[in-house]
Amino acid sequence: MTEQQQEETTADQLFATIGEQADNESYDENKVVNEIESLCMNCEENGTTKLLLTVIPFFKEVILMSFECPHCGLKNSEIQSAGQIQEKACRYKLRVNSKTDMDRQIVKSEYCVSKFPELDLEIPAQRGQLTTVEGLLGNVLEDIAIGQDVRQTEQPEAYQRIQDFIEKGKKMIEGDAFPFTIIVDDISGNSWIEPKPADAQNVWSRVEYLRSPAQNARLNLGNPEAPNVDDIQPDEVHTFPASCPSCARPCDTHMKLVDIPHFKEVIIMSTACDDCGYKSNEVKTGGQIPPKGRKITLKVDDADDLALDILKSESCALTVPELALDLHPGTLGGRFTTIEGLLAQVYDELYGRVYSGNNDSREPEENKKWETFLGNLTLAREGKKDFTLILDDPLAGSYLQNPYAPDDNPNMTSEEYERTEEQNEDWGLNDMVTSGYEEDETPAVIEAPDFPAGAPAA
1 MTEQQQEETT ADQLFATIGE QADNESYDEN KVVNEIESLC MNCEENGTTK LLLTVIPFFK
61 EVILMSFECP HCGLKNSEIQ SAGQIQEKAC RYKLRVNSKT DMDRQIVKSE YCVSKFPELD
121 LEIPAQRGQL TTVEGLLGNV LEDIAIGQDV RQTEQPEAYQ RIQDFIEKGK KMIEGDAFPF
181 TIIVDDISGN SWIEPKPADA QNVWSRVEYL RSPAQNARLN LGNPEAPNVD DIQPDEVHTF
241 PASCPSCARP CDTHMKLVDI PHFKEVIIMS TACDDCGYKS NEVKTGGQIP PKGRKITLKV
301 DDADDLALDI LKSESCALTV PELALDLHPG TLGGRFTTIE GLLAQVYDEL YGRVYSGNND
361 SREPEENKKW ETFLGNLTLA REGKKDFTLI LDDPLAGSYL QNPYAPDDNP NMTSEEYERT
421 EEQNEDWGLN DMVTSGYEED ETPAVIEAPD FPAGAPAA
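Under UniProt numbering, the first residue of the sequence shown is numbered 1, with each subsequent residue one higher.
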């Protein structure tokens, strides 16, 4: 066995699912929960901290920590990401419509801010937590209720306002105030809300956005005072060091600016790891942002259509109604491939997440839904099922090959539309200074946009 294989085997043993580790414990194998004697910050006696390294399905490796002091009875628990800080920040948005949605798992890192807009409630960044929607809201209400007995006597007006707030929150927990919204915003990119197979865009959404220099400074990333580097030049290949997303070893990422005739400038990025063989490529559109968005619709009724080239930008949403497939902006990043290749990437991404590790935490009915969905996706990519492909790009940075050019494709339509105020806000266009900035001695810094809605990962 090679050194690399030994390291991968060790990682698999350390980060197993909770179900697998419970089985190992029952068979008296290696102890999976590590216990460490540690200082109690309440009574300054020694207590016990328990550590469990595990994998959350659909997400990533995490470390569950629990502390208990036998002297004063203090107990607490938290969760920490076992991976690195992600390249981009993330925001999840869930519209809670039923009691089932209240049971969805939530992972909150120590950098995560949670919001309940209907309650006008924002939970600041605090210790990491693995919980559910109901658990998160319930913990908040319990914390707010502390001291209500004293306030009822000394500050009756404040008591009543807080009590009204608590009652409203309890109605949400009991299912008497559906629907309501929960937002999880994490600048480290290590928080998560559990998705479901049939989630529509207005139910579950995920968006990634670039951090501002101030946010990078909070994470101890980079130097916000560092001078800007020169812009990338056409036909010039830039190479910069990076870490492999698969094995975390050093590797190189290459970047080149390419001008596509009759379209626009795009940036091609590729990463290849010599240690584990991981490879990835991504395309980002450059140049001026058009004044209007573009929606391209193609009816795929021939297997030859699967070979058509497609450029899906990072801002593009992809929908296939016949497959119940809805990829939000940001999903898979930018891709330049064929229709068949794009469907294959969606399949591989979903299959890897759905069937990674042990699936004992999912209901049989949910497994059946995933099997049906992936089966229809396979039929479509093999040309055995007709479907409609819709590319909706508010920044008009996506492209679908027309084999009949310069004539129109009878199965394809392309239409421009005015972006909504919300879309302009989502992509930071309302804050852009496009004229008169030369007169300002202080260069304008555009902060990372505050997205109110988002895009789910496949």
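Where a beta carbon is used, it is the ideal one built from N, C-alpha and C, also for glycine.
Simplified DSSP state of residue i, which is helix, strand or coil
i, result
"Val203", "coil"
"Lys256", "strand"
"Ile267", "strand"
"Arg151", "helix"
"Ala198", "coil"
"Gln401", "coil"
"Gly189", "coil"
"Lys170", "helix"
"Gln105", "strand"
"Gly383", "coil"
"Lys88", "coil"
"Gln126", "coil"
"Asn376", "helix"
"Tyr209", "strand"
"Phe165", "helix"
"Tyr159", "helix"
"Thr331", "coil"
"Leu323", "helix"
"Pro250", "strand"
"Lys299", "strand"
"Asn409", "coil"
"Glu363", "coil"
"Asp393", "strand"
"Lys368", "helix"
"Leu318", "strand"
"Lys99", "helix"
"Leu306", "helix"
"Leu121", "strand"
Separation of residue j from residue i, as counted between CA atoms
i, j, result
"Pro250", "Pro241", "7 Å"
"Lys256", "Glu382", "33 Å"
"Tyr111", "Arg127", "8 Å"
"Lys384", "Met432", "46 Å"
"Lys115", "Ile182", "6 Å"
"Phe180", "Arg151", "29 Å"
"Ser77", "Tyr159", "30 Å"
"Glu349", "Leu343", "10 Å"
"Ser398", "Ser188", "28 Å"
"Phe336", "Val283", "6 Å"
"Asp176", "Ser205", "24 Å"
"Asp149", "Gln163", "11 Å"
"Gln129", "Ile36", "20 Å"
"Ala317", "Gly169", "34 Å"
"Asp199", "Met41", "43 Å"
"Leu121", "Leu311", "40 Å"
"Val266", "Gly334", "10 Å"
"Val300", "Lys279", "29 Å"
"Thr420", "Leu327", "20 Å"
"Cys69", "Glu366", "40 Å"
"Ala396", "Leu39", "57 Å"
"Glu422", "Ile173", "30 Å"
"Lys171", "Cys244", "46 Å"
"Phe178", "Ile144", "22 Å"
"Leu210", "Lys369", "34 Å"
"Ser270", "Thr338", "17 Å"
Endpoints, alpha helix (DSSP H) assigned at residue i
i, result
"Leu343", "Ile339 to Val354"
"Arg218", "Pro213 to Arg218"
"Leu136", "Val133 to Ala145"
"Asp309", "First-last for Asp309: Asp309 to Lys312, but that is the beta strand (DSSP E), not the alpha helix (DSSP H)."
"Glu421", "Glu421 to Asp426"
Bounding residues of the beta strand (DSSP E) (the contiguous stretch that carries residue i)
i, result
"Asn34", "Val33 to Leu39"
"Asn281", "Lys279 to Thr285"
"Ala46", "According to the sequence shown, residue 46 is Asn rather than Ala. Segment Asn46 to Val55, the beta strand (DSSP E) holding Asn46."
"Met412", "Met412 to Tyr417"
"His114", "The residue you asked about is not His; residue 114 is Ser in the sequence shown. From DSSP, the beta strand (DSSP E) with Ser114 extends over Cys112 to Phe116."
"His238", "Val237 to Ser243"
"Met432", "Note, Met432: premise wrong, no beta strand (DSSP E); not H, not E."
"Phe67", "Glu61 to Glu68"
C-beta neighbour in chain C for residue i, strict 7 Å
i, result
"Leu52", "This model lacks chain C altogether; it includes just one protein chain."
- Determine contact between the segment 403-416 and the segment 289-297, defined as no fewer than three beta-carbon pairs at a distance below 8 Å. Verdict: yes, contact present.
- Message: Tell me whether the segment 186-205 and the segment 97-110 touch, counting them as touching only if at least three CB pairs, one residue from each stretch, are closer than 8 Å.
- Response: Counting C-beta pairs closer than 8 Å gives three or more between the segment 186-205 and the segment 97-110, which meets the contact rule.
- the segment 81-95 / the segment 211-219 touching (three or more Cβ pairs under 8 Å): Yes: the two stretches touch, three or more of their Cβ pairs being nearer than 8 Å.
- Task: Determine contact between the segment 93-101 and the segment 139-158, defined as no fewer than three beta-carbon pairs at a distance below 8 Å.
- Result: Not touching, per the Cβ criterion.
- Three CB pairs or more closer than 8 Å across the segment 312-327 and the segment 385-392: The answer is yes - the segment 385-392 touches the segment 312-327, with three or more Cβ pairs under 8 Å.
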